[in-house]
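Following: one structure in structure tokens, then a few remarks.
There are 2 protein chains.
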Amino acid sequence: MSHTFKFPHLKAVPLEKAYRLITHGPTVLVSAQDQQHTDVMAAAWACALEFQPAKVTVVLDKSTKTRDIIERSGFFALQVPTRKQLKMVHAVGNMSLYAAPEKLRQSGVELFQFESYDHIPVVQGCSAWLLCKLIPEPHNQQQHDLFIGEVIAAYADDRVFRDGHWYFHEVSDDWKSIHHVAGGHFYTIGEPVSVNDKV
Amino acid sequence: MSHTFKFPHLKAVPLEKAYRLITHGPTVLVSAQDQQHTDVMAAAWACALEFQPAKVTVVLDKSTKTRDIIERSGFFALQVPTRKQLKMVHAVGNMSLYAAPEKLRQSGVELFQFESYDHIPVVQGCSAWLLCKLIPEPHNQQQHDLFIGEVIAAYADDRVFRDGHWYFHEVSDDWKSIHHVAGGHFYTIGEPVSVNDKV
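Sequence order for the protein chains is A and B.
Numbering of the first sequence is given in full-length UniProt numbering, commencing with residue 1 and proceeding in unit increments.
Numbering of the second sequence is given in full-length UniProt numbering, commencing with residue 1 and proceeding in unit increments.
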């Protein structure tokens with residue numbers, strides 16, 4: 001079934017604007033699957049790398065099963081969770097699939113797939129998704145735990161991101177992106193400011 | 001003159017907690033100097049890479065003079081500007097020292113140095129500073145414009161960061177970190193949320 005039928009607010013984002021989904025520095029969820037496993041983890045250390053072709057970096061510790069899956073499958077998604085998902089984000093960030101095979105169910109993660117990308121599981125209820133193909137770089141992966149992906153498709157929920165811009169300031173606080181500090185502590189994104197604002 | 005005399009609120013941050021200064025994803029300023037030039041630029045694509053030894057990544061376009069200086073000097077600082085500095089951040093992010101030799105003066109940047117680090121210029125009025133030694137990686141630099149630094153010293157203004165935690169919610173909005181989206185548009189950091197909060 002097409003995602004557009006089940007989730008009518010999810011709209012494709014042009015690849016050259018995909019960087020705008022994470023340039024403001026939110027903590028993201030990283031999801032991936034191989035033939036045996038599906039995992040989702042939290043990552044505060046994710047970043048845009050290139051406008052076009054759109055690329056991203058994400059730091060994946062060797063202790064995570066998600067990393068192992070991505071090394072095998074070559075695909076992953078970064079997605080921007082919302083304040084409403086805070087407890088789920090913290091839960092998937094603090095449980096390993098190695099130790100907790102029922103991690104996703106216990107964390108309350110619900111998955112779906114975008115049409116044509118059924119090999120990349122994504123998390124329901126986020127505000128934006130970047131579907132990525134791993135650019136294998138053994139040195140970066142081994143030495144720095146640094147993974148580089150080319151963005152092959154991007155989507156956002158048009159209630160909070162549309163026409164290339166976030167609208168966090170027009171929707172309820174539940175939609176705000178969350179920005180990790182340490183432990184269980186985060187900040188939400190705040191108010192829009194522009195260099196053209198009168199001071 | 002010691003910075004502690006002129007700026008009594010600036011306190012050293014233990015290196016193992018330096019990541020907390022940027023894990024929430026702020027737009028940063030990048031500063032560096034060589035024997036001829038001093039430059040400061042804005043970078044939204046900066047990220048923590050490792051806890052200990054503390055490391056960071058930052059994407060530096062080939063068009064920037066700051067990048068050229070860092071390749072020559074081997075040192076740079078990342079610093080977290082405040083909402084009060086928004087226009088300055090946007091100015092240094094949109095002028096190149098190549099085209100505008102008076103860029104820093106025109107942007108209103110005021111520099112200082114931390115004691116023992118007089119080869120790394122830093123910007124007054126920010127909330128936190130990470131002094132870095134470049135880890136030269138020709139492939140990452142050439143192929144991805146990606147620069148990796150080891151954090152050799154870190155400082156923060158104790159009015160907004162102390163004991164390993166940000167206090168954005170206890171100080172005026174002027175102190176808030178800014179998070180770039182596109183063009184002249186940013187969001188400030190918002191409110192603290194914790195997994196232990198009652199919903």
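Backbone N, C-alpha and C define an ideal beta-carbon position, used for all residues, glycine too.
Predicted model only: the values in this text are computed from it and were never measured.
Counting C-beta neighbours from all protein chains within 10 Å, is the total for B/Met1 16 or more, i.e. buried, or is it exposed? At B/Met1 the pLDDT is 48, less than 50, meaning the model places this residue with poor confidence; the figure from the coordinates comes in the next sentence. By the Cβ neighbour-count rule, B/Met1 is exposed, with fewer than 16 other Cβ atoms within 10 Å of its own.
What's the gap between the Cα of A/Arg83 and the Cα of A/Ala182? C-alpha separation (whole angstroms): 16 Å.
Would you say A/Met1 lies against chain B (beta-carbon separation less than 7 Å)? Note on A/Met1: pLDDT 48, under 50, position unreliable in the model; the coordinate value appears next. So no, A/Met1 is outside the interface.
Would A/Pro53 and A/Cys126 be called neighbours here (beta carbons separated by less than 7 Å)? Cβ atoms of A/Pro53 and A/Cys126: not closer than 7 Å.
Pick helix, strand or coil for A/Thr38, following the three-state DSSP scheme. In the structure shown, A/Thr38 sits in a strand (DSSP, three-state: E or B).
If the cut is a Cβ gap below 9 Å, which residues of chain B does A/Thr64 touch? Simply none; closest approach about 15 Å.
DSSP state of B/Lys133, grouped into three classes? Assigned with DSSP and collapsed to three states, B/Lys133 falls in strand.
Take B/Gly149 as the anchor and find which of B/Val160, B/Leu134 and B/Met88 has the nearest alpha-carbon. Among B/Val160, B/Leu134 and B/Met88, the Cα nearest to that of B/Gly149 belongs to B/Leu134.
Using a Cβ cut-off of 7 Å (strictly closer), state whether B/Gly25 contacts chain A. Taking 7 Å as the threshold, the shortest C-beta distance from B/Gly25 to chain A falls below it.
Could you have a look at B/Pro138 and say whether DSSP puts it in helix, strand or coil? Look at B/Pro138 here: in three-state DSSP terms it is helix.
Contact under 7 Å by Cβ, B/Val123 with B/Leu29: Yes, the Cβ-Cβ distance between B/Val123 and B/Leu29 is below 7 Å.
Can you say whether A/Ala99 is buried or exposed, counting buried as having 16 or more other CB atoms within 10 angstroms of its CB? A/Ala99 is exposed by the Cβ-count criterion.
Whose C-beta lies closer than 6 Å to the C-beta of B/Lys103 among residues of the same chain, with five residues either side of it excluded? Here the set comprises Met95 and Leu97.
Taking 7 Å as the CB-CB cut-off, is B/Ala100 touching chain A? For B/Ala100, the answer is no, since every Cβ of chain A falls outside 7 Å of its Cβ.
Measure from the C-beta of A/Arg72 to each C-beta in chain B and report whether the shortest distance is under 7 Å. Output row for A/Arg72: interface = no.
In the DSSP assignment, what residue or residues form a beta bridge with A/Cys47? DSSP lists A/Thr57 as partners of A/Cys47.
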